Amino acid sequence: MNDLVVGKVLEIEGTKVNVLMEENSNMFTYFYNGLKYRGIAINSFIGIIRGPYKIVGRVVKEFLRDVYSDSQDMHYKKNRFERVIEIKIIGTFINNAFIAGIRAYPLIYNDVVLLNEDEILNIITNGKNDKKYDNQNYRIGQTLIDEIEFKLDWSLVFNTHIGIFGNTGSGKSNTLTKIYTGLFNKNNLDFKGKSNFLLLDFNGEYIGAQLLNGSEKEIISLNTRNDNGDKLIIDQKVIWDKDILSILLSATEKTQKPFLSWIIDRISINNQFESIVNEILALEINKTYTRPSHDSVKSLATILSQDFIEGSEEGRYESLQGELKRKLDYGNEIAPFDINEYPISEMKVKSGLPFLSKLRAAMHIFLLQELNNGHYRLDDIQPMLSRLKSLEKSFDRIIEIEDNYNTFESLLTIISLRNCNQDIKKIVPLLLAKMSYELHKIANEDNINKTFHLIVDEAHNILSDSAKAENKGWQDYRLEVFEEIIKEGRKFGYFLTIASQRPADISPTIMSQLHNYFIHRLVNDNDLRLIEFSISTLDKVSRQNIPNLSSGCCIITGTSFELPLTVKIDYIDCKSHRPNSDNVDLIELWKQ
Numbered sequence: 001m002n003d004l005v006v007g008k009v010l011e012i013e014g015t016k017v018n019v020l021m022e023e024n025s026n027m028f029t030y031f032y033n034g035l036k037y038r039g040i041a042i043n044s045f046i047g048i049i050r051g052p053y054k055i056v057g058r059v060v061k062e063f064l065r066d067v068y069s070d071s072q073d074m075h076y077k078k079n080r081f082e083r084v085i086e087i088k089i090i091g092t093f094i095n096n097a098f099i100a101g102i103r104a105y106p107l108i109y110n111d112v113v114l115l116n117e118d119e120i121l122n123i124i125t126n127g128k129n130d131k132k133y134d135n136q137n138y139r140i141g142q143t144l145i146d147e148i149e150f151k152l153d154w155s156l157v158f159n160t161h162i163g164i165f166g167n168t169g170s171g172k173s174n175t176l177t178k179i180y181t182g183l184f185n186k187n188n189l190d191f192k193g194k195s196n197f198l199l200l201d202f203n204g205e206y207i208g209a210q211l212l213n214g215s216e217k218e219i220i221s222l223n224t225r226n227d228n229g230d231k232l233i234i235d236q237k238v239i240w241d242k243d244i245l246s247i248l249l250s251a252t253e254k255t256q257k258p259f260l261s262w263i264i265d266r267i268s269i270n271n272q273f274e275s276i277v278n279e280i281l282a283l284e285i286n287k288t289y290t291r292p293s294h295d296s297v298k299s300l301a302t303i304l305s306q307d308f309i310e311g312s313e314e315g316r317y318e319s320l321q322g323e324l325k326r327k328l329d330y331g332n333e334i335a336p337f338d339i340n341e342y343p344i345s346e347m348k349v350k351s352g353l354p355f356l357s358k359l360r361a362a363m364h365i366f367l368l369q370e371l372n373n374g375h376y377r378l379d380d381i382q383p384m385l386s387r388l389k390s391l392e393k394s395f396d397r398i399i400e401i402e403d404n405y406n407t408f409e410s411l412l413t414i415i416s417l418r419n420c421n422q423d424i425k426k427i428v429p430l431l432l433a434k435m436s437y438e439l440h441k442i443a444n445e446d447n448i449n450k451t452f453h454l455i456v457d458e459a460h461n462i463l464s465d466s467a468k469a470e471n472k473g474w475q476d477y478r479l480e481v482f483e484e485i486i487k488e489g490r491k492f493g494y495f496l497t498i499a500s501q502r503p504a505d506i507s508p509t510i511m512s513q514l515h516n517y518f519i520h521r522l523v524n525d526n527d528l529r530l531i532e533f534s535i536s537t538l539d540k541v542s543r544q545n546i547p548n549l550s551s552g553c554c555i556i557t558g559t560s561f562e563l564p565l566t567v568k569i570d571y572i573d574c575k576s577h578r579p580n581s582d583n584v585d586l587i588e589l590w591k592q
């Protein structure tokens, strides 16, 4: 036998095996028959010989056994203590091929042997360590204990939902960049027309040369501070959605939401918008004059001052507006006036209005109609109009509505939200997720011809289920959309990757539905508790190591991996290819 024996099986309890170690079995490295062996440590692999099987276990515990077991005699003697390790069976070598899971159990006194580097590599790669698999994987780092090259099998990972978690400075962003850069650099893969990747970048970390260079990458930098940003194209079928608009405007359930739904039914996806609202406006002006009420007069006076009315900015209707205001102030005490003396026949809504301006125009004009019919009070709808007005400027700076838009054509699209306000940072991810998912689902319902990969960095910003300052309906609807994606998206070739430094803030439903995890250092008790209850593939020893992981190290586990592995992810040396998340170099900044 060519194996290096280091112990004997002492006790067996299910998959838990205690091994009595021989003397001189605690060296760091061994060389035997021309092969290099790594010494035994917690989380290392070890073999048990039983006939044709080499049973593989993982070290989970090490302790000393007192042979004397005499509490009265506490003297130390050389032969009194024996070194014992506890291992957990994880698989078996059969004809030099590793097979995960239980195939055979050891017997008492079976030889325990060290595993060489080729055998450990076979375990780590699940038998895919041959050169014929080189086109199917790429290096992202090396295992922490055995220092063996670790290659990621893209064919098993990128058709799953992925979670990357870790506190600030743990290497989370480097890992996200490394795994996707490696994928895009595979020369043997043809993504064109077959896959699209969309990354939501909240902090502007990926707007340079990261991940991918060239014409296959598009960067859309949104800006709500001024008009210098890019525009995001949204399909109008997505934006003319009753639920989205109701939540966007915080519409109340009993009055504002029915009013908004009624408007959407009448004007959404209708090229005759201007003619419809202009016809209603002319009719309701005459109604307001002949049968005035306080609310209808006030509403008409407001409409005359709005920027969506042609000529309002030049003061064309100031005199009529003045008459209406006097009517509000003095009622029947002033002399009646002839409305036909004013240019009401010229009054119409501007053409080509931005989306929210068009919605605001419709809401004002239809509200005037409803006030004349006695169905609503002005105070019922006015708060929603105010919310719409406050949102309009930011929204129109970043959004452009198109009919039958077919989402993103570039292989990789980066949406930078760095210069956006908090409202937009919550609205845009929902619109993009809903639009891309619905369109992709329709196109791939019968047969998956294309995949879509949504990558959300700093995902706790939008996937939290405990945001106290946020509208509850808005939060619930956004979670509902993402939870549907993570539950059903795989069936249509739609996959989600999320990265976060606060996994405990993310919806437990989303966390538990992820397939594969890259877990960096986490120290918060809530985060660790969530990891414990959400990730069934994580063993106790690996879970206990999470708070002590060094920067760049992560535990990789999930459905695509036979067992949890602690891997040191390769650091991206080129600064222009690293995410823009480095700490400021004060030595360089402050030097004289």
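First residue of the sequence shown: 1, per my numbering; consecutive thereafter. Built from N, CA and C at the ideal position, the CB exists for glycine as well. These numbers come from a predicted model, not from an experiment.
According to DSSP, simplified to helix, strand and coil, what is Phe452? strand
So who's on the other strand from Ile498, going by DSSP bridges? Gly163, Val456
Looking at the unbroken beta strand (DSSP E) that takes in Gly558, where does it start and where does it end? 553–558
Identify the continuous alpha helix (DSSP H) that holds Lys54 and give its terminal residues. No alpha helix (DSSP H) holds Lys54; the beta strand (DSSP E) holding it covers 53–66.
Does Pro383 have its Cβ less than 7 Å from a Cβ in chain C? Checking the listed chains, one finds no chain C in this structure; it contains a single protein chain.
Are the CB atoms of Ile415 and Ile220 within a distance shorter than 7 Å? yes
Grab me the residues of Lys441's own chain with a C-beta within less than 6 Å of its C-beta, minus the 5 sequence neighbours each way, in chain order. Phe492
Using 8 Å as the threshold, is the stretch 155–169 in touch with the stretch 370–378, meaning 3 or more CB pairs across them? no
In this structure, does DSSP put Gly169 in helix, strand or coil? coil
Between Leu528 and Leu522, is the Cβ-Cβ spacing less than 7 Å? yes
Suppose the cutoff is 7 Å on Cβ atoms and the five residues either side in sequence are ignored; what does the same chain contact list for Tyr105 look like? Ile12
Checking the sheet assignment: what are the DSSP bridge partners for Asn185? According to DSSP, which records beta bridges pairwise, Asn185 is partnered with nothing at all.
Is the Cβ-Cβ distance between Val349 and Asn278 less than 7 Å? yes
Cβ atoms of Gly171 and Ser576: under 7 Å apart, would you say? no
Under 7 Å, do Ile506 and His460 count as touching if we go by C-beta distance? yes
Return the chain-ordered list of same chain residues with a C-beta closer than 7 Å to the C-beta of Ile49, the five sequence neighbours on each side being excluded. Asp3, Asn110, Asp111, Val113
Within 10 angstroms of its Cβ, does Phe395 collect 16 or more other Cβ (buried), or is it exposed? buried
Identify the continuous alpha helix (DSSP H) that holds Gln142 and give its terminal residues. Here Gln142 belongs to no alpha helix (DSSP H); instead the beta strand (DSSP E) covers 137–143.
Measure how close the beta-carbons of Gln236 and Glu402 come, nearest whole angstrom, since I'm counting them as under 8 Å. 7 Å
Given 6 Å as the limit, tell me if Thr413 has its C-beta closer than that to any heavy atom belonging to the ligand GTP. In the structure shown, the ligand GTP is absent, as is every other ligand, since no ligand is present at all.
How is Arg225 classed by DSSP in three states: helix, strand or coil? coil
In the structure shown, what three-state DSSP assignment does Ile572 receive? coil
Given a cut-off of 7 Å on the beta-carbon distance, is the pair Pro598 and Thr557 in contact? Lying before the first or after the last residue shown, residue 598 is absent from the chain, which here runs from 1 to 592.
Consult DSSP for Ala104 and reduce its assignment to one of helix, strand or coil. coil
Burial state of Glu119, where buried means 16 or more other Cβ atoms lie within 10 Å: buried
Output the distance between the C-alpha atoms of Glu532 and Arg543, rounded to the nearest integer angstrom. 7 Å
Burial state of Ala27, where buried means 16 or more other Cβ atoms lie within 10 Å: Before going on, a small fix: residue 27 reads as Met here, not Ala. Exposed, because fewer than 16 other Cβ atoms sit within 10 Å of the Cβ of Met27.
Option nearest Leu200 by Cα separation, candidates Leu439, Cys553, Ile267, Leu417: Leu417
Helix, strand or coil: which one does DSSP assign to Val297? helix
On the three-state DSSP scale, how would you describe Gly352? coil
Of all the alpha helix (DSSP H) runs that stay within the bounds of the stretch 370–429, which reach a length of 4 or more residues? 378–398
By the three-class DSSP mapping on this structure, what secondary structure does Ile220 have? strand
Between the Cα of Phe202 and those of Asn580, Trp590, Val584, spot the shortest distance and give me the residue it belongs to. Asn580
So is Arg578 buried or exposed if we call it buried at 16+ other beta carbons inside 10 Å? buried
Quick check on the burial criterion: 16 or more other C-beta atoms within 10 angstroms. Buried or exposed for Phe197? buried
Run of the beta strand (DSSP E) containing Met21, from where it starts to where it stops: 16–21
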